[in-house]
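Student: Sharing a structure with you now.
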Amino acid sequence: MTDKPLALVTGAAQGIGLACAQALIEDGYNVILSDVNAQGVAESADKLGATAIVCDMGDLDQIKAMFAQIAADYGPISALVNNAGVAMPGDFLSYDIETFQKVIDINLRGVFVATQMAARVMVENKIAGAIVNMSSINAQVAIPAIPAYCASKGGVMQLTKVAALALAKDNIRVNAVGPGSIDTEMMAGVNANPEAFKMAMSRTPLGRAGDAREIGDVVAFLCSKKSSYITGETIYVDGGRLGLNYTC
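Our numbering puts the first residue of the sequence shown at 2, with every later residue one more than the last.
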């Protein structure tokens, strides 16, 4: 590692996480890519000339081990992007508690633990750091088939505010990004179904799916000095979705 600031991006093997890593590298960060997909994260890190670490963000011991490894081998991080997440759809009445808990563990508990551990490192090293959490428009609007996902993203929105208030005195900014319909693996099923895609676009005033890099660029902005007076906010990158009242 060089004297460049260090960033950690979770869920970075592909999609939005990979796009965040690319944008941060272009902004001058050394980046560590983390993902539960060992082969995928290794290949993505190799393409970017970055570092890969395998970690399941639903496993507390693995999260702790990852931060210990980073501290020992690479030094303190200046930016954290909590991107790892799962949706796990299902019928509300038959949705089992194990599935619900797994989504919460990865999407919300994992974000809390990583935020807490990263913040401790930043405070200890007197780093005016930045933490960006991946929320969703589903923190505000709901889909009945993804109850745990919606609950987790609403939690991420509030956790972002709590962490921003708690860490402001240490000059650590905490914000979130709430994507709308983004062309990633998570949207592959919608993309493959013309009727479902048409319906999704009917709810998107810009009339198209977003690109992962459009999320990555906002995340990079929130990790940069250009956003030095922004904290506790969720920026929705959704093509106008949340402002839409009705469709004709």
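Think of the CB as a built atom: it goes at the ideal place given N, C-alpha and C, for glycine as much as any other residue. Since the model is a prediction, treat every value here as computed from it, not as a measurement.
Measure the CB-CB distance between residue 207 and residue 240 and report whether it falls below 8 Å.
Tutor: yes
Student: Just reading off the alpha helix (DSSP H) that residue 214 is part of, what are its end residues?
Tutor: 213-223
Student: Taking the alpha carbon of residue 8 as the point to measure from, which residue in 167, 83, 155 has its own alpha carbon closest?
Tutor: 83
Student: Note down the Cα distance separating residue 202 from residue 101, rounded to an integer number of angstroms.
Tutor: 28 Å
Student: Suppose contacts are defined by Cβ-Cβ distances below 8 Å. Is residue 223 in contact with residue 172 by that definition?
Tutor: No, the Cβ-Cβ distance between residue 223 and residue 172 is not below 8 Å.
Student: Taking just the CA atoms, how far does residue 211 sit from residue 242?
Tutor: 11 Å
Student: Starting from residue 121, follow the alpha helix (DSSP H) in both directions and report where the run begins and ends.
Tutor: In the DSSP assignment, residue 121 falls within the alpha helix (DSSP H) that extends over 111-125.
Student: Alpha helix (DSSP H) containing residue 42: first to last residue?
Tutor: 39-49
Student: What's the call for residue 50, buried or exposed, on a 16-neighbour Cβ count within 10 Å?
Tutor: exposed
Student: Which residues mark the beginning and the end of the alpha helix (DSSP H) in which residue 87 is found?
Tutor: Neither: residue 87 is in no alpha helix (DSSP H) and is coded neither H nor E.
Student: Mind checking who residue 36 pairs with in its DSSP beta bridge?
Tutor: 55
Student: With residue 116 and residue 179 assumed to form a contact (beta carbons below 8 Å), what rounded beta-carbon distance in angstroms separates them?
Tutor: Not a contact, Cβ separation roughly 17 Å.
Student: Excluding the 5 residues flanking residue 87 on each side, which residues of the same chain have their C-beta closer than 8 Å to its C-beta?
Tutor: 103, 104, 107, 108, 150
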